[in-house]
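K.L.:
2 protein chains.
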Amino acid sequence: MTSSAAVEAAPDTTYSITQLANEFGITTRTIRFYEDKGLLRPKRQGLTRIYSPRERVRLKLVLRGKRIGFSLAEIGEIMDMYDSEPGESGQLVYMLDELRKRRTMLQRRQRDIALTLQELDQIESQCRERLASMREAGARARSAAG
Amino acid sequence: MTSSAAVEAAPDTTYSITQLANEFGITTRTIRFYEDKGLLRPKRQGLTRIYSPRERVRLKLVLRGKRIGFSLAEIGEIMDMYDSEPGESGQLVYMLDELRKRRTMLQRRQRDIALTLQELDQIESQCRERLASMREAGARARSAAG
DNA sequence: ATTGACGTTTACGTAAACGTCAAGTAAGAT
DNA sequence: ATCTTACTTGACGTTTACGTAAACGTCAAT
């Protein structure tokens, strides 16, 4: 048991490209594409790509960002923020503003999703009503025939 | 004051394509594109498109669906569910299953967003720490010079 | 020695969601 | 009558995010 919340792999664990592809249900082509876009920087043994736990985490972040609806470019920017060097004060202020924007956007999406979930509930209850009344009608027909 | 929650326009209100485009911050091209994809069906006066409050609501739903990350095709399917005719029982059962899938997906996205918001908070507090320590250092320098 | 699994690069293909002209219509103002 | 403004229909262009195919290297097992 370590002090970290999630199960962390030993820092010297490595993964092949197909291992990661299988684990996350994507293709190796996709992983190479992300590297091309600067989202991943695996080490190499000769030509072969070697992925560390850190790269694996980055890949996970990319996939989560995608599900949320960020573009790969945006995901890159956010990850860059995370491990950027301190930099000058102006840069930090700019980052804070960017963060505020993202947060606002995400909060709006939370609302959007909540609304949509409500509507799905509505549609579902309508479905169930219809089904119930159809079954009721069927039962009446059977009992009349019996 | 009507009995409905949101402010509803009189049912005979109409909108032009540019009105809607301006209201929602999109282009007329986009609106026509959605029509092309079967998401909207405005009436016509000659060639000119006339949008009812109902079409406006559909457009709103499309844009919300997009923010959530649905494809236009998915959005179409969902809206079709909403105003589909009762249909046969098998169709209803299929719909219920589809609804379950969407719900699961949306709940996952809620979690994704929550996680991302937490991480943005982390990045932000790091930013603020750095800024604070930079200002402190600046203050020391000024007081030494004074 | 060959087969198969896994890896590589390069390059062209594609679907989605529009953007961007081009060329024309239709209605009202000057 | 023509000018402006808003609207129309094509049709081709663009970006994003990969898919797909070709052509090749590497290593273990048969």
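Here the protein sequences come in this chain order: A and B.
Residue numbers for the first sequence follow this note's numbering, beginning at 1 and rising by one.
Residue numbers for the second sequence follow this note's numbering, beginning at 1001 and rising by one.
We treat Cβ as the ideally placed atom computed from N, Cα and C, and that holds for glycine.
1) By the criterion of Cβ-Cβ separation under 7 Å, what are the contact partners of residue 120 of chain A in chain B?
2) Which two residues bound the contiguous alpha helix (DSSP H) that contains residue 30 of chain A?
3) Just confirm the distance between the C-beta atoms of residue 42 of chain A and residue 55 of chain A, as a whole number of angstroms; I'd bet it's less than 8 Å.
4) Which residues in the same chain as residue 109 of chain A place their Cβ atom closer than 8 Å to its Cβ, once the five residues preceding and following it in sequence are excluded?
5) Keeping to the same chain, check which residues put their C-beta closer than 6 Å to that of residue 9 of chain A; ignore five residues upstream and five downstream.
6) With three or more C-beta pairs closer than 8 Å as the rule, is the segment 1126–1135 of chain B touching the segment 1011–1022 of chain B?
7) What residues from the segment 55–75 of chain A come within 8 Å of chain B, judged by C-beta to C-beta, listed N to C?
8) Quick check on DSSP: helix, strand or coil for residue 14 of chain A?
9) Residues in the same chain with beta-carbon distance under 8 Å from residue 30 of chain A, minus the five sequence neighbours each way, listed in chain order, please.
10) May I ask which residues mark the beginning and end of the beta strand (DSSP E) holding residue 1044 of chain B?
11) Name, please, each residue of chain B whose Cβ falls closer than 9 Å to the Cβ of residue 26 of chain A.
12) Measuring CB atoms only, is the segment 1055–1064 of chain B touching the segment 84–93 of chain A, in the sense that at least three cross pairs come out at less than 8 Å?
13) Give every residue of the same chain whose Cβ lies closer than 6 Å to the Cβ of residue 1074 of chain B, excluding the five residues on either side of it in the sequence, and list them in chain order.
14) Taking the alpha helix (DSSP H) that residue 121 of chain A belongs to, which residues open and close that run?
15) Between which two residues does the alpha helix (DSSP H) holding residue 1080 of chain B run?
16) Between residue 1059 of chain B and residue 1072 of chain B, how many whole angstroms is the CB-CB distance? I'm expecting something under 8 Å.
17) Given that a residue counts as buried once 16 or more other Cβ atoms are within 10 Å of its Cβ, and exposed if not, what is residue 48 of chain A?
18) By the criterion of Cβ-Cβ separation under 9 Å, what are the contact partners of residue 1082 of chain B in chain A?
19) Should residue 62 of chain A be labelled buried (16 or more other beta-carbon atoms within 10 Å of its own) or exposed?
20) Rounded to whole angstroms, what is the Cα-Cα separation between residue 1065 of chain B and residue 35 of chain A?
P.N.:
By the coordinates alone:
1) 1099, 1102, 1103
2) 28–36
3) Right, their Cβ atoms sit about 5 Å apart.
4) Once the five neighbours on either side are set aside, the close Cβ partners of residue 109 of chain A are 68, 69.
5) 53
6) No, because fewer than three Cβ pairs between the segment 1011–1022 of chain B and the segment 1126–1135 of chain B fall closer than 8 Å, the two stretches do not touch.
7) Per Cβ criterion, the list reads 64, 65, 67, 68, 69.
8) The answer is coil: DSSP assigns residue 14 of chain A none of H, G, I, E or B.
9) 21
10) Per DSSP, residue 1044 of chain B belongs to the beta strand (DSSP E) from 1043–1045.
11) Counting only Cβ-Cβ distances below 9 Å, residue 26 of chain A has no contacts in chain B at all, with the closest Cβ about 16 Å away.
12) By the criterion of at least three beta-carbon pairs nearer than 8 Å, the segment 1055–1064 of chain B is not in contact with the segment 84–93 of chain A.
13) none
14) 89–145
15) 1072–1082
16) About 12 Å separates the two Cβ atoms, so there is no contact after all.
17) So residue 48 of chain A counts as exposed.
18) 119, 122, 123, 126
19) buried
20) 30 Å
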